[in-house]
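K.L.:
Sharing a structure with you now.
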Amino acid sequence: MTDEIKELHIWPEKGENWLFNDQYLIPLYQRPYAWKFEKEISTLLDDIKGIGSNHCEHYRLGVLCVIAKGEQGKKEYEVVDGQQRLTTLYLLLKALFESKALFESDLNLSKEDKEVFEGAKENLIFENREISTDTLKNPIKDDSAKDVDSGIRAGFEGILKWIEERKEEERKSFIECLKKVYVYRVLLPEKTDPCKYFVRMNARGKQLEPVDVIKARLMIPLNKESCDEIFKEWKDKDWKDGFLWTVEQKKKLEKVPKRDVNSSNDDANRKSIINFPTFLMHVLKLCELNK
């Protein structure tokens, strides 16, 4: 198999054929981790568990589309498509190796395998989203902690609970099934525009909100520096009743005394005449007209 299409196994092993042996960057144009345990994660776990009953010796889980990054010789990749599955697989491995139930049982989980996985803790990074990256490394934090990616933590906790609720034989069978799982990593051509590819791969799917697709399409003409700046601003914004407010705007509004508001209807003075997704659609239309 060529370097452009590579088959990589999920279970940690030394060597270049392990998925997380290389470093992956989740770029800014990708949405945050959004898989829910009750839906996508549990479906993935059931698929892996079902390998045993199907007597399958080699299970191909899906495709990961990437673009090579970094200096020549370094194995660094920007994830263009498949980041939700990639993140979930990382959380699954982390839960397996951190589960007390597994290491207290007779499942023969080798310390060497755990050390291989621990050596990859820096190999999945969310660009300019330090909270997400830190939560991935340490998903179990105090419930009152504010610096936590709640989606990643909920996914990890759901997987960990699922593992520890299984009987010992079920856990042993699941690990054996996981050792048969592979992912195809597809290296996109060097001159591929990742933002355009991302839009085309996701515009027809249901995993993205329309506003995410529009946002990505608006960023296509921008250079990397402009994209970085936009997303640094974007993550500081907040939705309120379908309208977008920055953190600073919300703080200012909260400080306005009621007697200073010139209306009996405070909400009328606080809301825009157009919600943010609709505004983006108008901006997109104007951009296309000016081409």
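Start counting the sequence shown at 283; every next residue gets the next number (this note's numbering). For glycine and all other residues, C-beta sits at the position ideal for the given N, C-alpha and C. These figures come from a predicted structure and were not determined experimentally.
Which residues bound the beta strand (DSSP E) around residue 344?
P.N.:
Residue 344 -> beta strand (DSSP E) spans 341–351.
K.L.:
Determine, using beta-carbon pairs with one atom in the stretch 286–301 and one in the stretch 309–325, whether at least three such pairs fall under 8 angstroms.
P.N.:
With a cut-off of 8 angstroms, the stretch 309–325 and the stretch 286–301 do not count as touching, because too few Cβ pairs lie within range.
K.L.:
Quick check: the Cα distance between residue 400 and residue 473, rounded to an integer number of angstroms?
P.N.:
Distance between the alpha carbons of residue 400 and residue 473 is about 34 angstroms.
K.L.:
What is the DSSP secondary structure of residue 375, counted as helix, strand or coil?
P.N.:
In this structure, residue 375 counts as helix in the three-state DSSP scheme.
K.L.:
Taking Cβ to Cβ, would you say residue 334 is nearer than 8 angstroms to residue 459?
P.N.:
Going by C-beta atoms, residue 334 is nearer than 8 angstroms to residue 459.
K.L.:
Using DSSP's beta-bridge definition, name the partner residues of residue 466.
P.N.:
Bridge partners of residue 466: 289 and 345.
K.L.:
Compare the C-alpha of residue 468 against each of 341, 430, 414 and 361 and name the closest.
P.N.:
The candidate whose alpha carbon is nearest that of residue 468 is 361.
K.L.:
Apply the 10 Å Cβ neighbour rule to residue 342 and answer buried if 16 or more other Cβ atoms are within range, or exposed otherwise.
P.N.:
Label assigned to residue 342: exposed.
K.L.:
Assign residue 348 to one of two classes, buried (16 or more other C-beta atoms within 10 Å of its C-beta) or exposed (fewer than that).
P.N.:
Classification for residue 348: buried.
K.L.:
Measure the CB-CB distance between residue 329 and residue 405 and report whether it falls below 8 angstroms.
P.N.:
No; because the gap between Cβ atoms is not below 8 angstroms, this pair is not in contact.
K.L.:
With distances taken from CA atoms, which of 302, 403 and 379 is nearest residue 393?
P.N.:
The shortest Cα separation from residue 393 among 302, 403 and 379 belongs to 379.
K.L.:
How many Å lie between residue 302 and residue 565 at the Cα?
P.N.:
In a straight line, the C-alpha of residue 302 is about 39 angstroms away from that of residue 565.
K.L.:
Where do the ends of the beta strand (DSSP E) carrying residue 308 lie?
P.N.:
Its beta strand (DSSP E) spans residues 305–308.
K.L.:
For residue 293 and residue 463, I'd like the C-alpha separation in whole angstroms.
P.N.:
So the two alpha carbons sit approximately 8 angstroms from each other.
K.L.:
Need the endpoints of the beta strand (DSSP E) that residue 407 sits in, please.
P.N.:
Where residue 407 is concerned, the enclosing beta strand (DSSP E) stretches over 406–408.
K.L.:
Helix or strand or just coil, what does DSSP make of residue 317?
P.N.:
Coil.
K.L.:
Exposed or buried, residue 422, counting other C-beta atoms within 10 Å across all chains shown (16 or more means buried)?
P.N.:
Exposed: under 16 other Cβ atoms inside 10 Å.
K.L.:
For residue 372, collect the residues of the same chain with a Cβ closer than 6 angstroms to its Cβ; drop the 5 residues on either side in sequence, then sort them by chain order.
P.N.:
So the list reads 406, once near-sequence residues are dropped.
K.L.:
Looking at the secondary structure, which residues open and close the beta strand (DSSP E) in which residue 362 lies?
P.N.:
Where residue 362 is concerned, the enclosing beta strand (DSSP E) stretches over 358–363.
K.L.:
Inspect the beta-carbon positions of residue 409 and residue 470 and report whether they are closer than 8 angstroms.
P.N.:
No, the pair does not count as a contact, with Cβ atoms beyond the cut-off.
K.L.:
From 413, 439 and 447, pick the residue whose C-alpha is nearest to that of residue 314; which is it?
P.N.:
Nearest of 413, 439 and 447 to residue 314, Cα basis: 413.
K.L.:
On the DSSP letters alone, give me the boundaries of the alpha helix (DSSP H) that residue 437 sits inside.
P.N.:
It spans 432–447 - the alpha helix (DSSP H) in which residue 437 sits, taken as one unbroken run.
K.L.:
Which same chain residues end up closer than 8 angstroms to residue 381 when comparing Cβ atoms and leaving out the 5 residues on each side of it in sequence?
P.N.:
Taken in chain order, the residues that qualify are 442, 445 and 446.
K.L.:
Quick check on the burial criterion: 16 or more other C-beta atoms within 10 angstroms. Buried or exposed for residue 357?
P.N.:
Under this definition residue 357 is an exposed residue.
K.L.:
Determine the direct distance from the alpha carbon of residue 291 to that of residue 346, and round the result to whole angstroms.
P.N.:
If I take the Cα positions, the gap works out to 12 angstroms.
K.L.:
Starting from residue 414 and walking both ways along the alpha helix (DSSP H), at which residues does that stretch end?
P.N.:
Counting along the chain, the alpha helix (DSSP H) containing residue 414 begins and ends at 412–419.
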